[in-house]
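Peer 1: Quick one: this structure, given as structure tokens, is what I'll be asking you about.
2 protein chains.
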Amino acid sequence: MFEFRIDATSGAARAGTLILPHGIVTTPVFMPVGTQATVRTLSPADLETVGAQIVLANTYHLHVRPGEDVIEQLGGLHKFMAWERPLLTDSGGFQVFSLAGFRRVDEEGVEFQSHVDGSRRMITPERAVEIQAKLGADIAMAFDHVVPGGADESTARDALERTVRWLERCVNTHRELLEGWKVGRNEHSNLPTFQQTLWPIIQGGTLPALRTECLDRIMELGPWTGIAIGGLSVGEPKDKMYATVEVLEERLPPTLPRYLMGVGFPADLVAAVERGVDLFDCVAPTRGGRNGSAFTAEGTLNIRNAAFRTDEAPLDPTCDCETCTTYSRGYLRHLFAAGELLGLRLLSLHNVRYLIRLAEDMRAAIQRGDFTAWADEWRRRYQHTGVA
Amino acid sequence: MFEFRIDATSGAARAGTLILPHGIVTTPVFMPVGTQATVRTLSPADLETVGAQIVLANTYHLHVRPGEDVIEQLGGLHKFMAWERPLLTDSGGFQVFSLAGFRRVDEEGVEFQSHVDGSRRMITPERAVEIQAKLGADIAMAFDHVVPGGADESTARDALERTVRWLERCVNTHRELLEGWKVGRNEHSNLPTFQQTLWPIIQGGTLPALRTECLDRIMELGPWTGIAIGGLSVGEPKDKMYATVEVLEERLPPTLPRYLMGVGFPADLVAAVERGVDLFDCVAPTRGGRNGSAFTAEGTLNIRNAAFRTDEAPLDPTCDCETCTTYSRGYLRHLFAAGELLGLRLLSLHNVRYLIRLAEDMRAAIQRGDFTAWADEWRRRYQHTGVA
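If you read the protein sequences in the order shown, they are chains A and B.
For the first sequence, counting from 1, position 204 maps to 204 in our numbering; every step adds exactly one.
Add 1000 to a position in the second sequence, counting from 1, and you land on the number used in our numbering.
Here is the structure:
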């Protein structure tokens, strides 16, 4: 039920197939982010149309609202959001450490204030796993301690140690829950008996020695069906991010799918696949789309620009999405100028399709065996402007 | 190109077929409102899915932003908004008379202040017709003088006289423009040679004598391919609105399609079809949808209500739309509670489908010849609460 096989490699880049309870995912893959059980502005039918294979949802947000018990009563997360394909839930770790306002971390877990009603709540490794079990995604993530991009060694070391100790607790809780399901003890719940896997998260800031140590200690707690690299794309320089992925690539077991959390922009995806990463998620396509920013083959553009007023061309002439095959830039600009919600949706749809197509193109290049040449040509054309 | 035939009648209710340059419309018909060249939150594909046959756009709004010249350069309104089926544009009369802020009416036209940039602008009958010609909808509306629901006789009389004088000027301008198109003088424009018809608007407040006089004087200026009843649903009591439609029904030529502007809520559509009306438009389904208000067979409900928190039922169990066949009320409530844009879209989609299906059901009842019995049964079930 949780298999991963490598279909082809080209340098460090890999094309793989990941088999999950709700379906098959081919990699490299970009996962659109459905923070609150919806990829903002898009319907499940839209997501199918743009080729989404797996969607990410946020444990912290769903715990706070509507609450995991509501989702469980309504049949679990897949049914709740009408997405019958694979789902991954993050653990809530990143969110509770990113929240403004009150937060208190101790060995037990994290006490924080809900951004919705201000109430004090506690998430522990055990709770994070229990909540995710109720949500019922195919892949659950371990509850980790995230530190900011510029964290010093003692802070990063401290978070690493806690992340490893918490991982043991996550594994124990997850095992107990799975055993309960296997013997059918889940009779008082609406949830069907199902399988869910738990992936650990490598922390350690941008310090190579800490990262590799964290990886080694995580591997001792396995076996695993996949592994994530966390705590990147949180403010550190891009070259540090790439260097960290490179260091890990040399030591990561080739048989495990590798998930680089919260990344990213098009150029980041290409650079990370070049360094052996298989899965990605990021809010950039939908957040950028709502701000009028669109990925195109030639870099990003902002549709609000007056230059597009009477532009008959599609948003990205190389794109096959509904937005690009139906509307002119002039119309899309009008929608943004007029504050029309359809504009937010059409740019979000395009941007998500853009990253999914980018992953598909990378997979094809890997299968042809010329990924490096493809990546060089892609970069030459894209000239990432960082606008989005 | 502008034919209307009656397919069946049941009492005063009529089922008809309207042939327009961009397609055929069966009546009774509800026209979704695309104020700014988009039916708020919905795509043209959504509109096709819910069975929309004709869409209304607002001349005033499109004149102010992006401007009719921009739309003409981008190929006309159909191409601009990617809606290749019939379109109707209102004249801007209703909007300029509803605007807050500066407004000066004289015989020449209406001077007003743009709600977008505050600039002073003038719309005259000639300009209203020219703008609509550039937009290129199948049906253009005459520029009329609208008065509030409670207007006294002298105000209503004054507006009536001006509406009739302005109508003559609209007709003359429209005839000149059409002749230009017919002999191909439109060579400097992107617009294809096309046919557009102009419909007059009956004013006269809620005073029966003024309404019938207005109708008689409009008929002298014909021939027409359709006729509208304006100045209703602007604050007058419902019974006055129904009585006004009834008075007109007796005198309206049966061969003309009749369009009741700005109406309405489900119960209004049923009452008006009972009184011989064929076409409707209203922002209620989309505006209400964005507020969480949904039409259902049992009346309106507001999805924000806490009672729906774990409700597994569809929004309206009798409905065939994507919203009702895909999601639970519990999920829809979550989307509204969480401020997710998908919620606005899914309720708008349902409400538009609701009114289109209502019109389809009325047509079927008329064709069966039992419209009165159907309407009584419908009302018994609906018990309009006026929430939406």
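Ideal Cβ placement from N, Cα and C applies to all residues, glycine included.
(1) Closer than 7 Å: is that where the CB of T1318/B sits relative to any heavy atom of the ligand ZN?
(2) Measure from the C-beta of V55/A to each C-beta in chain B and report whether the shortest distance is under 8 Å.
(3) Taking only the alpha-carbon atoms, compute the straight-line gap between L260/A and L335/A and give it to the nearest angstrom.
(4) Hey, does A140/A have any beta-carbon neighbour from chain E nearer than 8 Å?
(5) How many angstroms separate the CA atom of F1308/B from the CA atom of W1166/B?
(6) Might you give, ordered along the chain, the residues of its own chain that have their beta carbon closer than 7 Å to the beta carbon of A375/A, omitting 5 neighbours on each side?
(7) When you compare the region 66 to 82 of chain A with the region 126 to 137 of chain A, are there three or more beta-carbon pairs, one atom per stretch, that lie closer than 8 Å?
(8) Could you list which residues in chain B have their beta carbon closer than 8 Å to that of Y327/A, in chain order?
(9) When you compare the CB of H1334/B with every CB in chain A, is at least one pair closer than 8 Å?
(10) I need the boundaries of the alpha helix (DSSP H) containing I1071/B, first residue and last residue.
(11) Given Q1431/B, which residues of its chain have a CB within under 6 Å of its CB, disregarding the five upstream and five downstream residues?
(12) What did DSSP end up calling Y1327/B once you bin it into helix, strand or coil?
(13) Could you name the residues that DSSP lists as bridge partners for E3/A?
(14) Where DSSP assigns a beta bridge to E111/A, which residues make up the other side?
(15) Can you give me the C-alpha to C-alpha distance between G16/A and P257/A, rounded to a whole angstrom?
(16) Hey, R1363/B and P1028/B: beta-carbon distance below 8 Å or not?
(17) Using a beta-carbon distance below 8 Å, is A1306/B in contact with chain A?
(18) For the putative contact between F1102/B and F1094/B, defined by C-beta atoms under 8 Å, what is the C-beta separation to the nearest angstrom?
(19) Tell me whether N351/A sits in a helix, a strand or coil according to DSSP, three-state version.
(20) Considering only DSSP beta bridges, list what V55/A is partnered with.
(21) Which chain B residues sit within Cβ distance under 9 Å of E68/A?
(22) Compute the beta-carbon to beta-carbon distance between Y382/A and E298/A, rounded to the nearest angstrom, for a pair I have assumed lies under 8 Å.
(23) From which residue to which residue does the beta strand (DSSP E) around L1260/B run?
(24) Assuming contact is defined by CB atoms lying nearer than 8 Å, are F1371/B and A1013/B in contact in what I supplied?
(25) On the DSSP bridge list, what partners appear for I1227/B?
(26) So with Cβ pairs under 8 Å, would you call G1288/B a contact of chain A?
(27) Indicate whether at least one CB of chain B lies closer than 8 Å to the CB of T244/A.
(28) With the cut-off set at 8 Å, would you say T59/A and D90/A are in Cβ contact?
(29) Below 8 Å on the Cβ atoms is my guess for R1345/B versus I1303/B; work out the distance and round it to an integer in Å.
(30) Check the Cβ of Y331/A against every Cβ in chain B and list those closer than 8 Å, keeping chain order.
(31) Does I1024/B pass the burial test, meaning 16 or more other C-beta atoms within 10 Å, or should it be called exposed?
(32) With respect to the alpha helix (DSSP H) encompassing C1214/B, which residues constitute its N-terminal and C-terminal limits?
Peer 2: The relevant details are as follows:
(1) Looking for the ligand ZN in the displayed structure turns up nothing, as the structure carries no ligands at all.
(2) Within the first sequence, residue 55/A is the residue found at index 55, counting from 1. It does not; no Cβ of chain B falls within 8 Å.
(3) Within the first sequence, numbered from 1, the residue matching residue 260/A stands at position 260. Within the first sequence, numbered from 1, the residue matching residue 335/A stands at position 335. Cα to Cα, L260/A sits roughly 34 Å from L335/A.
(4) The displayed structure is made up of protein chains A and B, and chain E is not among them.
(5) In the second sequence, the residue the question calls residue 1308/B occupies position 308. In the second sequence, the residue the question calls residue 1166/B occupies position 166. Answer to the nearest angstrom: the Cα atoms are 52 Å apart.
(6) Against the first sequence, residue 375/A aligns to sequence position 375. Correct list, in chain order: V270, E274.
(7) yes
(8) Here residue 327/A refers to the residue found at position 327 when the first sequence is read from its first residue. By Cβ distance, chain B contributes A1082.
(9) Counting from one through the second sequence, the residue named residue 1334/B turns up at place 334. Output row for H1334/B: interface = yes.
(10) As a working note, residue 1071/B is residue 71 in the second sequence. Start and end: 1068 to 1073.
(11) A question about residue 1431/B goes unanswered here, because the residues of chain B that appear run from 1001 up to 1388.
(12) Counting from 1 along the second sequence, the entry for residue 1327/B is found at position 327. In the structure shown, Y1327/B sits in coil (DSSP, three-state: anything other than H, G, I, E or B).
(13) For this step, residue 3/A is matched to residue 3 along the first sequence. Its beta-bridge partners are I19/A.
(14) Translated into the one-based positions of the first sequence, residue 111/A becomes position 111. Bridge partners of E111/A: R104/A, M122/A.
(15) Taking the first sequence and counting its residues from 1, one reaches residue 16/A at position 16. Taking the first sequence and counting its residues from 1, one reaches residue 257/A at position 257. Cα-Cα distance, rounded: 8 Å.
(16) Numbered from 1 along the second sequence, position 363 holds the residue referred to as residue 1363/B. Numbered from 1 along the second sequence, position 28 holds the residue referred to as residue 1028/B. Yes, the pair counts as a contact, with Cβ atoms nearer than the cut-off.
(17) For the purposes of this step, residue 1306/B is identified with residue 306 of the second sequence, where counting begins at 1. Closer than 8 Å: no.
(18) Here residue 1102/B corresponds to residue number 102 of the second sequence, with the count starting at 1. Here residue 1094/B corresponds to residue number 94 of the second sequence, with the count starting at 1. Not confirmed; about 17 Å, so no contact.
(19) By 1-based counting over the first sequence, the position of residue 351/A is 351. Three-state DSSP puts N351/A in a helix.
(20) Numbered from its first residue, the first sequence carries residue 55/A at position 55. Per DSSP, L87/A.
(21) Along the first sequence, one-based indexing puts residue 68/A at 68. Near E68/A there are no residues of chain B at all, since even the closest Cβ is about 12 Å away, more than 9 Å.
(22) By one-based count along the first sequence, residue 382/A stands at place 382. By one-based count along the first sequence, residue 298/A stands at place 298. Confirmed, Cβ separation roughly 7 Å.
(23) Translated into the one-based positions of the second sequence, residue 1260/B becomes position 260. Segment 1258 to 1260, the beta strand (DSSP E) holding L1260/B.
(24) Along the second sequence, read from residue 1 onward, the residue named residue 1371/B stands at position 371. Along the second sequence, read from residue 1 onward, the residue named residue 1013/B stands at position 13. The answer is yes: Cβ separation under 8 Å.
(25) One-based indexing of the second sequence puts residue 1227/B at position 227. Looking at the DSSP assignment, I1227/B forms a beta bridge with R1258/B.
(26) Position 288 of the second sequence, counting from 1, holds the residue named residue 1288/B. So, not an interface residue.
(27) Working through the first sequence from its first residue, we reach residue 244/A at position 244. No, no contact with chain B.
(28) To locate residue 59/A, count along the first sequence from 1; it is residue 59. To locate residue 90/A, count along the first sequence from 1; it is residue 90. In contact: T59/A and D90/A (Cβ atoms closer than 8 Å).
(29) Translated into positions along the second sequence, residue 1345/B becomes position 345. Translated into positions along the second sequence, residue 1303/B becomes position 303. So it is not a contact: roughly 13 Å between Cβ atoms.
(30) The residue given as residue 331/A occupies position 331 in the first sequence. A1037, L1074, F1080, M1081, A1082, listed in chain order.
(31) What you label residue 1024/B is simply residue 24 of the second sequence in a count that begins at 1. Under this definition I1024/B is an exposed residue.
(32) Translated into positions along the second sequence, residue 1214/B becomes position 214. 1208 to 1220 is the extent of the alpha helix (DSSP H) around C1214/B.
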